[in-house]
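Student: Following this message is one structure expressed as structure tokens.
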């Protein structure tokens, strides 16, 4: 069964500092991977997705993630944190097979940005 | 139209009430999902409809009753809920052309059961 592990339930960075949110997946076959962001009392918004094309994926709001098969990782980064980046971030995985998808979410990482 | 809408935004109900949550999308997506999200937790899948047919029921109590009247609309009927059912209820949809992988989420309905 596939799963994702997000290391660190809380991450604090200073405004302008590098953001690094960690995600490792567990799957016998590289799956599809996603990062979603959730602002307080809102739904989830897709930041970026890996679908077996380029291993470096660029998303919205200056975020990017690199798929590393050897490390089974899909860490999310942003060079310079902004106050508006404070939110909950979820890594998620779906299997490669088609049909309606059961998404497996990580437990989430709350990003705090300190002025 | 590239969004999923949900109504109402907030709902407060007593344990004897009957209410419904509504979700709508006009993106041509043929899979629609209901999730329940408790505070500080990831979304938990409740139901999946694929081509208007119920495909997955994650052992959800019968006090939650989903309905998919057409390909654009998804309802969740609520009856005799318990206080522990208070949560954010999220609707999502996905498109077969993308293998259904990418899910688009609505803003959610914040439900409080008194």
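Residue numbers (the working numbering), protein chains in the order written: chain A, 1 to 115; chain B, 1001 to 1114.
C-beta: ideal position from N, C-alpha, C; glycine also.
1. Using the C-alpha atoms, what's the distance from residue 1043 of chain B back to residue 106 of chain A?
2. For residue 61 of chain A, name the three-state secondary structure that DSSP assigns.
3. Comparing alpha-carbon positions, which option in A:29, A:22, A:78 lies nearest residue 94 of chain A?
4. What residue range is occupied by the uninterrupted beta strand (DSSP E) comprising residue 1066 of chain B?
5. In the structure shown, what three-state DSSP assignment does residue 1015 of chain B receive?
6. In three-state terms, what does DSSP make of residue 69 of chain A?
7. Between residue 1010 of chain B and the rest of its own chain, which residues show a CB-CB distance below 6 Å, the 5 nearest in sequence each way excluded?
8. Taking 8 Å as the threshold (beta carbon to beta carbon), is residue 62 of chain A in contact with chain B?
9. Check for me: the beta strand (DSSP E) holding residue 14 of chain A runs from which residue to which?
10. Can you tell me where the beta strand (DSSP E) with residue 55 of chain A in it begins and where it stops?
11. Tell me the residue span of the beta strand (DSSP E) that contains residue 1032 of chain B.
12. For residue 88 of chain A, which of helix, strand or coil comes out of DSSP?
13. Between which two residues does the beta strand (DSSP E) holding residue 111 of chain A run?
14. Anything in chain B within Cβ reach of residue 112 of chain A, meaning under 8 Å, just list it in chain order.
15. Answer with buried or exposed for residue 1051 of chain B, where buried requires no fewer than 16 other C-beta atoms within 10 angstroms of its C-beta.
16. Enumerate in chain order the residues of its own chain whose CB-to-CB distance from residue 16 of chain A is below 7 Å, with the five nearest sequence positions on each side excluded.
17. Taking DSSP as the reference, what is the three-state secondary structure of residue 83 of chain A?
18. Kindly indicate which three-state DSSP category residue 1044 of chain B falls into: helix, strand or coil?
19. Report the three-state DSSP secondary structure of residue 1024 of chain B (helix, strand or coil).
20. For the region 1079-1097 of chain B, which residues have a CB atom closer than 7 Å to at least one CB atom of chain A, in sequence order?
21. Using a Cβ-Cβ cut-off of less than 8 Å, give me the residues of the region 54-79 of chain A that come near chain B, in sequence order.
22. Taking only beta-carbon atoms, is residue 16 of chain A less than 8 Å away from chain B?
23. If contact means a Cβ-Cβ distance below 7 Å, which residues of the region 1035-1048 of chain B contact chain A?
24. Can you say whether residue 1083 of chain B is buried or exposed, counting buried as having 16 or more other CB atoms within 10 angstroms of its CB?
25. Is residue 1108 of chain B near the ligand NAD, going by C-beta to nearest heavy atom under 7 Å?
Tutor: Let's see:
1. So the alpha carbons of these two residues sit roughly 9 Å apart.
2. Reduced to three states, the DSSP call for residue 61 of chain A is helix.
3. Closest option to residue 94 of chain A, Cα to Cα, is A:29.
4. Residues 1064-1070.
5. Reduced to three states, the DSSP call for residue 1015 of chain B is coil.
6. Three-state DSSP puts residue 69 of chain A in a helix.
7. Cβ neighbours of residue 1010 of chain B beyond the five flanking positions: 1110.
8. No, because no Cβ of chain B sits closer than 8 Å to the Cβ of residue 62 of chain A.
9. In the DSSP assignment, residue 14 of chain A falls within the beta strand (DSSP E) that extends over 10-14.
10. Segment: none, residue 55 of chain A is in no beta strand (DSSP E) and carries neither H nor E.
11. Counted as a single uninterrupted DSSP element, the beta strand (DSSP E) harbouring residue 1032 of chain B occupies residues 1031-1037.
12. Three-state result, residue 88 of chain A: strand.
13. Counting along the chain, the beta strand (DSSP E) containing residue 111 of chain A begins and ends at 109-114.
14. Ordered by position in chain B, no residue passes the 8 Å Cβ test against residue 112 of chain A, which lies about 14 Å from the chain.
15. The residue in question, residue 1051 of chain B, is exposed, as its Cβ has fewer than 16 Cβ neighbours within 10 Å.
16. Residues 80, 81 of the same chain have their beta carbon placed closer than 7 Å to that of residue 16 of chain A, with the five preceding and five following residues left out of the count.
17. Secondary structure at residue 83 of chain A: helix, using DSSP grouped into helix, strand and coil.
18. For residue 1044 of chain B, the three-state secondary structure derived from DSSP is strand.
19. Judged by DSSP in its simplified three-state form, residue 1024 of chain B adopts strand.
20. Result list: 1090, 1094.
21. Residues of the region 54-79 of chain A with a Cβ closer than 8 Å to any Cβ of chain B: none.
22. So, not an interface residue.
23. If the cut-off is 7 Å between Cβ atoms, the region 1035-1048 of chain B has 1042, 1043, 1045, 1048 near chain A.
24. It is exposed - the Cβ of residue 1083 of chain B has fewer than 16 other Cβ atoms within 10 Å.
25. Of the ligands one can find in the structure shown there are none, so the ligand NAD has no counterpart to examine.
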